[in-house]
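Just so you know, the sequence shown maps onto residues 27 to 345 in my numbering. For reference, the structure is listed below as C-alpha cells.
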Amino acid sequence: MNFCQQSHTKMSGSELKTYYELYYPFQSIHQMACGFDVVNFSKTREIAFYWQTPSRWHAPQIDEKTLKSLVSSKIPLRLEMGCVYSVPVEERPYVGKTGMVPMQKELVFDLDIDESYDRFRCCECTDTKYCKKCWPLITAQAHVIDVLLKKVYNFKHILWVYSGRRGVHCWVLDRRAMHMTERARLLLVNNFCEHYKNDILFVSRNENMYYSDAHKTKLPRSVSKYLCEVLCAHFRAYVTANLEEIFCLTSKTFATIESICVAWKLKAEDLKAYANDEKKLFDFLFDIRNYPLLVSLAVQFCYPRIDAPVTQHMMHLLK
C-alpha cells in the first residue's frame with residue numbers, strides 16, 4: 027500500500043456545506059475575532075473569505091448570525107483571520123495601506139511540511155506531500171513549540187488548528203501576546219530557531235557542567251533537559267514505528283543519520299556494521315552513553331521549522 031496517497035485531497039462543495047452546517051464553530055470564531063468581550067474588534071478585525079473562484083472578499087463589520095448565514099450559503103473554500111487595525115476594515119479604500127496600521131494580533135506559528143523534510147522521511151513522500159508515516163514529524167514540532175510557549179513564556183491560552191492542507195497553525199490567544207510588537211515577535215522567532223536549539227544541544231553535552239557566566243543559556247536548564255526528553259521520545263517513537271525503512275542502508279534517513287554520526291567522529295564503516303542488525307543499531311543509538319548524539323539526532327529530525335515571516339508580520343492572514 028502506498029501511504030503517500032493518503033495525503034490531503036480537496037473537499038467537494040457538498041462536503042464543505044455539511045462541514046459548515048454541522049461542525050464549524052461559528053460562535054467560537056466570532057468571539058475570537060471580536061476579542062472575547064474584552065474589547066470589540068468587530069469593525070477593525072480583518073477577516074477574508076476565499077471563494078470557489080480564485081478571489082477573496084474582506085468582510086466589513088459582521089455579527090455571528092450574519093457570519094453563519096453568509097458561510098452556509100456561499101460555502102467559501104476557507105476563512106482567514108488577520109490583525110486588528112487602527113481603523114475599520116471597510117475604510118481601506120479611502121485611507122490606503124498607509125492608513126491601515128496593525129494594532130493587535132494573536133501570536134501565530136505556521137508549521138508546514140515541505141522539501142526541507144525530505145531527508146528525514148522514511149516514506150515515498152517529497153516536497154509538500156505527506157502521509158501518516160511522516161506526519162509525526164509535524165506532531166513532534168508542535169509539541170516542542172507548545173512546551174516553549176507554556177514553560178518559558180508562561181502563555182496559557184494556545185489553540186492548535188489543522189491548516190487544511192499540509193501542516194498546523196498555532197494561535198496564542200493571551201492578551202499580552204496580542205500586544206506584542208513585530209520586533210518582539212521577530213526576537214521570539216530568532217530564539218526559537220537558533221538560541222533554544224543550541225541551548226538544548228549544549229545541556230545534553232554538558233550534563234554535569236557548572237554553568238559559569240561564559241556559558242549562560244537563554245533557556246532555564248530544567249526546560250532544556252525536559253525538551254531533550256520530549257525530542258528523544260518523539261524520535262524514538264518515529265524510529266520504532268519505521269525501523270526497517272529508516273535503517274535500510276540505501277534510505278535517505280539512514281544517510282541523514284550517518285552524516286550526523288560522522289560529524290560526531292563516528293566512522294561510517296562502524297555505523298554500517300551495525301546496520302546488518304537493526305536491534306544492535308537501535309540499541310547503539312538509544313544507549314544512554316550516547317545521549318548527546320541521540321539528542322543531536324532528535325533535534326535534527328524533530329525540532330520546529332518555523333515560517334518566520336508568518337510569526338513576525340502582523341498583517342499576515344492565517345487560517
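Just so you know, even glycine gets a beta-carbon here, dropped at the ideal spot from N, CA and C.
#### Entry: Three-pair Cβ contact test at 8 angstroms for the region 43-52 versus the region 96-106
Contact between the region 43-52 and the region 96-106 is present: 3 or more CB-CB pairs across the two stretches fall below 8 angstroms.
### Query
Would the beta-carbon of Tyr-222 fall within 8 angstroms of that of Leu-199?
Numbered from 1 along the sequence shown, position 196 holds the residue referred to as residue 222. Numbered from 1 along the sequence shown, position 173 holds the residue referred to as residue 199. For the 8 angstroms CB-CB criterion, Tyr-222 and Leu-199 do not form a contact.
### Query
If you drop the 5 nearest sequence neighbours on each side, which residues of the same chain put their C-beta closer than 6 angstroms to that of Val-265?
Walking along the sequence shown from the start, residue 265 turns up at place 239. The residues are Ile-272.
### N-terminal and C-terminal residue of the beta strand (DSSP E) that Ile-73 is part of
Indexing the sequence shown from 1 puts residue 73 at position 47. Looking at the DSSP string, the run of the beta strand (DSSP E) that includes Ile-73 is 71-76.
### Residue environment, Trp-161, which counts as buried when at least 16 other CB atoms sit within 10 Å
By 1-based counting over the sequence shown, the position of residue 161 is 135. Around the beta-carbon of Trp-161, 16 or more other beta-carbon atoms lie within 10 Å, marking it buried.
### Query
Between the region 200-209 and the region 250-268, do at least 3 Cβ pairs fall closer than 8 angstroms?
Touching, no.
#### Entry: Of the residues Glu-304, Tyr-300 and Pro-318, the one placed nearest Trp-290, counting alpha carbons only
One-based indexing of the sequence shown puts residue 290 at position 264. The shortest CA-to-CA distance from Trp-290 to any of Glu-304, Tyr-300 and Pro-318 is the one to Pro-318.
### Query
Are Val-170 and Gln-338 close, meaning C-beta to C-beta below 8 angstroms?
The sequence position of residue 170 within the sequence shown is 144, counting from 1. The sequence position of residue 338 within the sequence shown is 312, counting from 1. No. Outside cutoff.
#### Entry: 8 angstroms Cβ shell around Lys-176 - same chain, five flanking residues per side excluded
Position 150 of the sequence shown, counted from the first residue, corresponds to residue 176. Contacts found: Lys-182 and Ile-184.
### Query
Is it right to say Ala-324 is buried, meaning 16 or more other beta carbons lie within 10 angstroms of its own, or is it exposed?
Residue mapping note: residue 324 aligns to position 298 of the sequence shown, counting from 1. Residue environment analysis places Ala-324 among the buried positions, since at least 16 neighbouring C-beta atoms fall within 10 angstroms of its C-beta.
### Task
Within 10 angstroms of the Cβ of Ala-281, are there 16 or more other Cβ atoms? Answer buried if so, exposed if not.
Walking along the sequence shown from the start, residue 281 turns up at place 255. Per the 10 Å Cβ criterion, exposed.
### Query
Whose C-alpha, out of Tyr-111, Cys-274, Gly-190 and Asp-225, is nearest the C-alpha of Gly-125?
As a working note, residue 125 is residue 99 in the sequence shown. Sorting Tyr-111, Cys-274, Gly-190 and Asp-225 by C-alpha distance to the C-alpha of Gly-125 places Tyr-111 at the top.
### Met-340 - DSSP class collapsed to helix/strand/coil
Mapped onto the sequence shown, residue 340 falls at position 314. If DSSP states are grouped into helix, strand and coil, Met-340 belongs with coil.
### Start-end ranges of the beta strand (DSSP E) lying completely within the region 142-222, minimum 3 residues
Taking only runs of at least 3 residues, the beta strand (DSSP E) segments lying wholly in the region 142-222 are 184-188 and 193-198.
### Query
Run through DSSP, which three-state label would Leu-105 get?
In the sequence shown, the residue the question calls residue 105 occupies position 79. Correct three-state label for Leu-105: strand.
### Task
Go ahead and label Asp-89 buried or exposed: buried means 16 or more other beta carbons lie within 10 angstroms of its beta carbon, across all protein chains shown.
Counting from one through the sequence shown, the residue named residue 89 turns up at place 63. Here Asp-89 is exposed, its C-beta having fewer than 16 other C-beta atoms within 10 Å.
### Query
Is Glu-72 buried or exposed, if buried means 16 or more other CB atoms sit within 10 Å of its CB?
Indexing the sequence shown from 1 puts residue 72 at position 46. Burial of Glu-72 is indicated by the presence of at least 16 other C-beta atoms within 10 angstroms of its C-beta.
### Cα-Cα separation, Asn-224 to Cys-254
Position 198 of the sequence shown, counted from the start, is the residue given in the question as residue 224. Position 228 of the sequence shown, counted from the start, is the residue given in the question as residue 254. Asn-224 and Cys-254: Cα-Cα distance of roughly 11 angstroms.
#### Entry: Of the listed residues Tyr-120, Lys-91 and Pro-128, nearest to Met-107 (C-alpha basis)
Against the sequence shown, residue 107 aligns to sequence position 81. Closest in alpha carbon position to Met-107, among Tyr-120, Lys-91 and Pro-128, is Pro-128.
#### Entry: Backbone CA spacing between Leu-320 and Cys-287 [nearest angstrom]
Sequence index remark: in the sequence shown, residue 320 carries index 294 (1-based). Sequence index remark: in the sequence shown, residue 287 carries index 261 (1-based). Each residue's Cα considered, the two are about 9 angstroms apart.
#### Entry: Spatial distance of Lys-158 from Cys-148 (CA atoms)
Here residue 158 refers to the residue found at position 132 of the sequence shown. Here residue 148 refers to the residue found at position 122 of the sequence shown. C-alpha separation (whole angstroms): 11 angstroms.
### Task
Pick out whichever of Asn-180, Arg-191 and Leu-344 has its Cα sitting closest to the Cα of Tyr-156.
Stepping through the sequence shown from its first residue, residue 156 is reached at position 130. In terms of Cα proximity to Tyr-156, the closest of Asn-180, Arg-191 and Leu-344 is Arg-191.
### Task
Take the Cβ of Asp-138 as the centre, count every other Cβ of all protein chains shown within 10 Å, and call the residue buried at 16 or more, exposed below.
Translated into positions along the sequence shown, residue 138 becomes position 112. That one is buried.
### Task
Kindly indicate which residue of Ala-74, Ser-250 and Thr-165 has the alpha-carbon position closest to the one of Phe-218.
What you label residue 218 is simply residue 192 of the sequence shown in a count that begins at 1. Here the closest residue by C-alpha is Ser-250.
### Query
With C-beta atoms as the reference, is Lys-94 less than 8 angstroms away from Phe-52?
Start at 1 with the first residue of the sequence shown, and residue 94 comes out as number 68. Start at 1 with the first residue of the sequence shown, and residue 52 comes out as number 26. Yes, the Cβ-Cβ distance between Lys-94 and Phe-52 is below 8 angstroms.
### Asp-239 to Val-229 span [Cα, whole Å]
In the sequence shown, residue 239 corresponds to position 213, counting from 1. In the sequence shown, residue 229 corresponds to position 203, counting from 1. Unreliable positioning characterises Asp-239 in this predicted model, as indicated by a pLDDT of 45, which lies under 50. A coordinate reading is not provided.
#### Entry: Among Lys-91, Trp-77 and Ser-40, nearest to Ser-54 - alpha-carbon criterion
As a working mapping, residue 54 is identified with position 28 in the sequence shown. When only C-alpha atoms are compared, the closest one is Lys-91.
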